[in-house]
Structures are given as C-alpha cells and as structure tokens.
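**Student:** Straight run, no breaks: the sequence shown in numbering that gives the first Met the number 0 ends on number 421.
The C-beta atom is built at its ideal place from N, Cα and C for all residues, glycine as well.
Quick caveat, the model's predicted, so the values are computed rather than measured.
Dropping a structure here in structure tokens format, bear with me for questions.
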Amino acid sequence: MSNKISVITVVYNDVKNIRQTMESFFSQTWEDKEYIVVDGGSTDGTADIIKEYADRLAWWCTEKDKGIYDAMNKGILHANGKWINILNCGDAYCANDSLRRMIECSKDINSTDVIYGNAIAITENEDKHMEAGNDISKLEYSAIYRHGCSLVRTSTHLKYMFALDKKKLIGFALDYDMIYRMYHSGCKFEKVDVDVQTYDVEGASNNIYKSIKYNYRITTQYGWSLQKFIFFVKALCAVYTKQSYLFRLVRDFIFEFLLNNMLPCVCSWKIRRLCLKLMGISIGKDTFISKDVYFMTPRMFKIGNDSDINRGCLLDARGGISIGNSVSISHNVSIVTGGHHLNSPTFAGKYMPIEIGDYAWLGIGCTILQGVKIGKGAVVCAGAVVTSDVEPYAVVAGTPAKKIKERTHDLSYKCKWNILFT
Numbered sequence: 000m001s002n003k004i005s006v007i008t009v010v011y012n013d014v015k016n017i018r019q020t021m022e023s024f025f026s027q028t029w030e031d032k033e034y035i036v037v038d039g040g041s042t043d044g045t046a047d048i049i050k051e052y053a054d055r056l057a058w059w060c061t062e063k064d065k066g067i068y069d070a071m072n073k074g075i076l077h078a079n080g081k082w083i084n085i086l087n088c089g090d091a092y093c094a095n096d097s098l099r100r101m102i103e104c105s106k107d108i109n110s111t112d113v114i115y116g117n118a119i120a121i122t123e124n125e126d127k128h129m130e131a132g133n134d135i136s137k138l139e140y141s142a143i144y145r146h147g148c149s150l151v152r153t154s155t156h157l158k159y160m161f162a163l164d165k166k167k168l169i170g171f172a173l174d175y176d177m178i179y180r181m182y183h184s185g186c187k188f189e190k191v192d193v194d195v196q197t198y199d200v201e202g203a204s205n206n207i208y209k210s211i212k213y214n215y216r217i218t219t220q221y222g223w224s225l226q227k228f229i230f231f232v233k234a235l236c237a238v239y240t241k242q243s244y245l246f247r248l249v250r251d252f253i254f255e256f257l258l259n260n261m262l263p264c265v266c267s268w269k270i271r272r273l274c275l276k277l278m279g280i281s282i283g284k285d286t287f288i289s290k291d292v293y294f295m296t297p298r299m300f301k302i303g304n305d306s307d308i309n310r311g312c313l314l315d316a317r318g319g320i321s322i323g324n325s326v327s328i329s330h331n332v333s334i335v336t337g338g339h340h341l342n343s344p345t346f347a348g349k350y351m352p353i354e355i356g357d358y359a360w361l362g363i364g365c366t367i368l369q370g371v372k373i374g375k376g377a378v379v380c381a382g383a384v385v386t387s388d389v390e391p392y393a394v395v396a397g398t399p400a401k402k403i404k405e406r407t408h409d410l411s412y413k414c415k416w417n418i419l420f421t
C-alpha cells in the first residue's frame with residue numbers, strides 16, 4: 000500500500016533559510032512524497048527562491064495569511080499524501096533517510112494515526128538530542144515530542160486542524176492543542192527510534208513561562224483537576240529554582256563531588272547501587288558497576304540486567320547512554336556522547352545518544368563516540384575507536400574501528416561479579 004508523505008513548509012520573509020529547508024526535503028530518499036510550500040506574502044526574495052522549485056512542488060502559494068497555523072491549515076487542505084509532516088522553514092531533516100526510516104520502523108503503520116520520533120535542538124552554544132517520550136499517557140500533562148518530528152495520517156489531520164479561534168488563549172501552543180485533542184479522542188500514537196528533524200531553539204515558542212501557562216490551559220480545557228494544577232505549579236517552581244545559584248551549587252555538589260569523589264570510597268555495591276538509583280540512574284537486576292567509574296549526567300544513563308562495568312570507565316551520558324542486558328564493559332572504556340563543532344565560532348557543543356545492545360562486549364581501553372549504536376552481540380576490541388554504528392555480532396578493531404570477523408549468534412550468558420569490596 001502507498002505511504003505517500005505530504006511535507007508542508009510554511010514561510011514568511013526568511014530568504015536566509017528557505018533554500019536550505021527545501022533542499023533538505025528534496026534530499027530525502029523516500030520517493031513516495033510531495034512538497035507543499037505556503038508563503039505568507041514575503042517581500043524579501045523568499046518567493047523568488049520558491050519559484051525556482053515550482054516545477055517540483057505539488058502546490059505552493061505566496062499570499063497573506065493569518066499566521067503560521069493558518070498557513071499550515073491551508074497546506075493540509077492541499078495534501079494528497081497518506082501522511083503529513085510539517086517542516087518549518089529554518090528546520091531540516093537529521094539525515095537523508097529520516098522519512099524512510101519513520102515509515103519502515105513503524106510496527107503498526109496500518110492502524111496508527113501518529114508516528115513520532117526524536118529531534119535535535121540547535122542553539123548558538125550546543126546541539127542537543129531531544130528524546131521523545133515513550134509514555135503516551137503523559138500527553139495528558141504536556142507535549143512529549145516535537146510536532147515537526149511526526150507523521151500524522153492525513154485523514155486524521157483533516158479532522159483535527161489547528162484551532163485558530165484559540166490563538167489568543169494559547170498563542171504558539173496550537174500544535175500541542177491539536178495533539179492533545181487527538182490524544183483525548185483516542186487516536187493511536189506510535190514512537191519510532193528515529194532522529195527526524197533539527198530545529199532552531201531561538202524561535203517564537205522559546206518562552207518557557209508562556210509554554211507552561213499555555214500547556215495548563217490546553218490540558219484543562221475539558222475540566223480542572225488537582226493533578227494538573229500540581230503539575231503546573233511544579234513546572235513553574237522548577238523553572239525558577241533551576242535559575243538560582245543555590246540550585247547549581249547543590250546540583251554540582253551531589254552529581255559531581257558526591258557521585259564521583261565520595262561514592263567510589265564506599266566498598267559495598269548494595270549501598271552504591273542504592274545511591275546511584277537515588278541520583279537518577281536506571282540499573283537493572285543483577286547488574287554491577289565498579290567503584291572507580293566517572294559519571295556525567297547520571298539521569299541520562301540506563302543499563303539493563305546482568306551487565307557489568309569495570310573500573311576506570313568514563314560514562315559521559317550528557318546525550319544519553321542506553322546499555323542492554325548481559326553487556327560486559329571492560330576497564331578504562333570511554334563512552335562519550337558529548338563533543339563540539341570543529342568550525343563553530345563559539346565552540347558549540349554537540350550531544351548525541353549512544354546505544355549498546357544485549358550481549359555486547361567492549362574491550363579494554365576502547366572508545367565509543369557520540370551517535371553510535373553497538374548492535375546485539377557485537378565485540379569492540381581493546382583500544383578501538385568506534386565512530387560509526389556496529390552491526391549485530393560484528394567484531395570490530397582499529398582506529399576507526401572496522402569489522403574483522405563475526406561472532407557466534409548463540410549467546411545466552413549473564414555477566415556476574417562476585418568479588419567482595421569492589
């Protein structure tokens with residue numbers, strides 16, 4: 000069955016970014032697609048650039064409208080695809096196969112109304128991976144994914160257009176209002192593990208206080224509840240608190256000094272395990288982590304069952320580290336999710352997640368760099384530097400790591416550590 004995707008870009012006076020955004024669409028390897036561009040009557044040359052692509056567009060216009068959401072509604076009405084994706088001007092797809100992977104990674108595409116994935120937030124100082132939420136029930140309280148990182152079934156989107164009559168009440172949050180109404184009506188959502196779009200954080204919606212206020216208005220449109228009021232108050236308090244020097248002082252004392260200087264002195268793994276879990280680390284059953292391990296952003300680190308991590312390891316989880324079951328991580332391994340843009344005038348940071356599959360074995364002194372996925376049963380030899388994904392059961396070695404052979408697929412062991420005082 001056809002899974003044609005209609006991509007809609009709305010723009011107004013953004014000659015600086017429109018070409019890059021349009022080229023991002025045309026670079027997509029998913030062939031069953033169409034492009035709709037809605038220009039709000041630009042006067043800076045944006046419309047001239049759009050005209051250059053006119054013969055490759057399914058539909059486009061340049062005329063005054065009532066704002067971004069009115070333009071999106073206009074584009075939705077002209078969509079002929081089975082799915083709709085919104086690509087805002089200035090945003091781009093994370094990879095040339097982002098749309099293809101969204102379709103192919105869906106496990107229930109015939110009955111799903113919304114397929115959504117992850118985003119990468121771009122600021123002057125850093126690029127940060129934004130993991131979409133897995134728990135759909137949390138849509139009751141706030142958005143768990145970025146609207147542009149979703150495919151919405153066209154027939155569903157036509158039922159749930161952007162409610163322009165609410166613009167004065169909820170401003171730039173009309174996209175979450177649309178998502179919330181779909182959620183409340185029983186639409187089916189499915190998350191796929193795909194990085195879909197990059198987006199510029201410095202936009203009209205980059206006002207955390209207004210976002211919290213608008214979210215509260217959206218989530219209470221069907222009635223007030225104490226739980227939602229508490230969520231609203233906690234969100235406001237969290238914003239105020241995180242801006243204070245006292246918060247930073249306490250945070251750094253706990254997650255730097257206590258975690259990496261004091262906790263390694265505790266010889267009981269049971270006590271260390273309890274402390275690590277209290278600090279936000281997700282640790283599976285019968286998993287062991289040695290004393291002399293350095294953590295960065297522990298709340299972004301999770302490890303499954305029957306795994307072990309030996310001494311001297313660097314676990315930089317600023318971009319998120321996910322380790323599966325029965326994984327063995329040898330001494331002095333570095334797992335690094337953070338880095339910098341080489342040519343950035345501001346030395347902007349970049350943070351991308353790392354995933355390590357079940358039964359993987361990381362040899363002594365190897366380094367796993369940001370954005371890498373280590374497949375199930377894979378082996379990284381001692382001293383190797385891994386810069387790209389490792390396929391399941393592959394054995395890789397060298398700098399950069401290359402496949403040298405394949406491991407047996409018949410794996411059923413559990414990593415056990417029974418030495419006291421470690």
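Below 7 Å CB to CB, which residues in the same chain sit around Ala-70 once its five sequence neighbours on both sides are set aside?
**Tutor:** Residue 70 sits at position 71 when you count from the first residue of the sequence shown. If we look at Ala-70 and ignore the five residues flanking it on each side, its Cβ neighbours are Val-9, Val-37, Gly-39, Asp-64.
**Student:** By alpha-carbon positions, which one of Tyr-358, Arg-250, Tyr-159 ends up nearest to Asp-307?
**Tutor:** Position 308 of the sequence shown, counting from 1, holds the residue named residue 307. Among Tyr-358, Arg-250, Tyr-159, the Cα nearest to that of Asp-307 is on Tyr-358.
**Student:** What separation, rounded to the nearest whole angstrom, lies between the Cα atoms of Cys-266 and Gly-397?
**Tutor:** Position 267 of the sequence shown, counting from 1, holds the residue named residue 266. Position 398 of the sequence shown, counting from 1, holds the residue named residue 397. Cα-Cα distance, rounded: 35 Å.
**Student:** Would you tell me roughly how many angstroms separate the C-alpha atoms of Leu-368 and Asp-126, rounded to the nearest one?
**Tutor:** Locating residue 368 in the sequence shown gives position 369, where the first residue counts as 1. Locating residue 126 in the sequence shown gives position 127, where the first residue counts as 1. For Leu-368 and Asp-126, the distance between alpha carbons rounds to 15 Å.
**Student:** DSSP on Lys-290, reduced to helix/strand/coil?
**Tutor:** On the sequence shown, position 291 is the one that residue 290 refers to. In this structure, Lys-290 counts as coil in the three-state DSSP scheme.
**Student:** Taking contact to mean at least 3 C-beta pairs separated by less than 8 Å, is the region 304 to 324 in contact with the region 344 to 355?
**Tutor:** Short answer: they touch.
**Student:** Give me the Cα-Cα distance between Thr-111 and Ile-121, rounded to the nearest whole angstrom.
**Tutor:** The sequence position of residue 111 within the sequence shown is 112, counting from 1. The sequence position of residue 121 within the sequence shown is 122, counting from 1. Near 30 Å, if we compare the C-alpha coordinates of Ile-121 and Thr-111.
**Student:** On a CA-only basis, which of Met-295, Asn-109, Thr-286, Lys-167 is nearest Lys-81? Give me that one, please.
**Tutor:** As a position in the sequence shown, residue 81 is number 82, starting the count at 1. Lys-81 has its Cα closest to that of Asn-109, out of Met-295, Asn-109, Thr-286, Lys-167.
**Student:** Output the boundary residues of the beta strand (DSSP E) element that contains Asp-315.
**Tutor:** What you label residue 315 is simply residue 316 of the sequence shown in a count that begins at 1. Run containing Asp-315: 313 to 315, per the beta strand (DSSP E) assignment.
**Student:** Between Ile-178, Asp-194, Ile-229, which has its C-alpha nearest Lys-187's C-alpha?
**Tutor:** Counting from one through the sequence shown, the residue named residue 187 turns up at place 188. Nearest of Ile-178, Asp-194, Ile-229 to Lys-187, Cα basis: Ile-178.
**Student:** On the criterion of 16 or more Cβ atoms from any shown chain inside 10 Å, does Trp-360 qualify as buried, or is it exposed?
**Tutor:** Along the sequence shown, one-based indexing puts residue 360 at 361. It counts as buried.
**Student:** Check whether the Cβ atoms of Lys-459 and Leu-173 lie closer than 8 Å to each other.
**Tutor:** Not covered by the structure: residue 459. The range shown for the chain is 0 to 421.
**Student:** Can you round the beta-carbon distance between Thr-28 and Ile-119 to whole angstroms, since I take them to be within the 8 Å contact cut?
**Tutor:** Within the sequence shown, residue 28 is the residue found at index 29, counting from 1. Within the sequence shown, residue 119 is the residue found at index 120, counting from 1. Actually they are not in contact, since the Cβ atoms of Thr-28 and Ile-119 sit about 19 Å apart, beyond 8 Å.
**Student:** Taking all protein chains shown into account, decide if Ala-46 is buried (16 or more other Cβ within 10 angstroms of its Cβ) or exposed.
**Tutor:** Residue numbering aside, residue 46 sits at position 47 when the sequence shown is read from its first letter. Label assigned to Ala-46: buried.
**Student:** Determine the extent of the beta strand (DSSP E) in which Arg-152 is found, giving its start and end residues.
**Tutor:** Sequence index remark: in the sequence shown, residue 152 carries index 153 (1-based). Note, Arg-152: beta strand (DSSP E), 149 to 152.
**Student:** Sorted by chain position, which residues of the same chain lie with C-beta nearer than 7 Å to Asn-331's C-beta, five sequence neighbours on each side aside?
**Tutor:** Against the sequence shown, residue 331 aligns to sequence position 332. Same-chain partners within the cutoff: Gly-311, Cys-312, Ile-363, Gly-364.
**Student:** So, with DSSP's three-state summary, where would you put Thr-20?
**Tutor:** As a first step, residue 20 must be located in the sequence shown, where it is residue number 21. In this structure, Thr-20 counts as helix in the three-state DSSP scheme.
**Student:** Go ahead and label Phe-25 buried or exposed: buried means 16 or more other beta carbons lie within 10 angstroms of its beta carbon, across all protein chains shown.
**Tutor:** Start at 1 with the first residue of the sequence shown, and residue 25 comes out as number 26. Under this definition Phe-25 is an exposed residue.
**Student:** Which runs of the alpha helix (DSSP H), 4 residues or longer, sit entirely within the region 60 to 106?
**Tutor:** Counting only runs of 4 or more, we get 67 to 76, 97 to 104.
**Student:** Would DSSP call Tyr-175 helix, strand or coil?
**Tutor:** Here residue 175 refers to the residue found at position 176 of the sequence shown. In this structure, Tyr-175 counts as helix in the three-state DSSP scheme.
**Student:** Give every residue of the same chain whose Cβ lies closer than 7 Å to the Cβ of Gly-382, excluding the five residues on either side of it in the sequence, and list them in chain order.
**Tutor:** Residue 382 sits at position 383 when you count from the first residue of the sequence shown. Cβ within range, chain order: Gly-364, Cys-365.
**Student:** For Met-101 and Gly-116, which I take to be in contact (beta-carbon distance under 8 Å), what is that distance rounded to the nearest angstrom?
**Tutor:** In the sequence shown, the residue the question calls residue 101 occupies position 102. In the sequence shown, the residue the question calls residue 116 occupies position 117. About 6 Å; that satisfies the 8 Å criterion.
**Student:** Taking Cβ to Cβ, would you say Tyr-350 is nearer than 8 Å to Gly-376?
**Tutor:** In the sequence shown, counting from the first residue as 1, residue 350 sits at position 351. In the sequence shown, counting from the first residue as 1, residue 376 sits at position 377. No.
**Student:** Of the residues Glu-405, Phe-287, Phe-300, Arg-180, which one's Cα is nearest the Cα of Cys-450?
**Tutor:** No statement about residue 450 is possible, as the shown extent of the chain runs from 0 to 421 and does not include it.
**Student:** Under 8 Å, do Gly-318 and His-128 count as touching if we go by C-beta distance?
**Tutor:** One-based indexing of the sequence shown puts residue 318 at position 319. One-based indexing of the sequence shown puts residue 128 at position 129. Yes; because the gap between Cβ atoms is below 8 Å, this pair is in contact.
**Student:** Just the C-alpha distance for Tyr-208 and Phe-294, rounded to the nearest angstrom, thanks.
**Tutor:** Here the question's residue 208 lines up with position 209 in the sequence shown. Here the question's residue 294 lines up with position 295 in the sequence shown. About 31 Å.
**Student:** Considering only their Cβ atoms, is the gap separating Val-191 from Cys-104 smaller than 8 Å?
**Tutor:** By 1-based counting over the sequence shown, the position of residue 104 is 105. By 1-based counting over the sequence shown, the position of residue 191 is 192. Closer than 8 Å, so yes.
**Student:** Check this for me: beta carbons of Phe-161 and Asn-72, under 8 Å apart or not?
**Tutor:** As a first step, residue 161 must be located in the sequence shown, where it is residue number 162. As a first step, residue 72 must be located in the sequence shown, where it is residue number 73. For Phe-161 and Asn-72, yes; Cβs fall inside 8 Å.
**Student:** Based on DSSP bridge pairs, tell me the residues matched to Gly-337.
**Tutor:** Locating residue 337 in the sequence shown gives position 338, counting from the first residue. In DSSP, Gly-337 forms a bridge with Tyr-350.
**Student:** Determine the closest residue to Thr-218 out of Gly-74, Gly-374, Ser-141, Ser-387, with distance taken between C-alpha atoms.
**Tutor:** Working through the sequence shown from its first residue, we reach residue 218 at position 219. Checking every option, the nearest Cα to that of Thr-218 belongs to Ser-141.
**Student:** Measure the beta-carbon distance from Asp-31 to Lys-3 and round it to whole angstroms, keeping in mind my assumption that it falls under 8 Å.
**Tutor:** On the sequence shown, residue 31 is found 32 positions in, with the first residue counted as 1. On the sequence shown, residue 3 is found 4 positions in, with the first residue counted as 1. The Cβ separation is near 5 Å, so the contact holds.
**Student:** What are the start and end residues of the beta strand (DSSP E) that includes Phe-188?
**Tutor:** Position 189 of the sequence shown, counted from the start, is the residue given in the question as residue 188. Per DSSP, Phe-188 belongs to the beta strand (DSSP E) from 188 to 199.
**Student:** Tell me the DSSP secondary structure of Asp-54 in three-state form.
**Tutor:** Translated into the one-based positions of the sequence shown, residue 54 becomes position 55. Reduced to three states, the DSSP call for Asp-54 is helix.
**Student:** Hey, how far is the Cα of Leu-168 from the Cα of Val-238?
**Tutor:** Translated into the one-based positions of the sequence shown, residue 168 becomes position 169. Translated into the one-based positions of the sequence shown, residue 238 becomes position 239. Looking at the two C-alpha atoms, the distance is approximately 22 Å.
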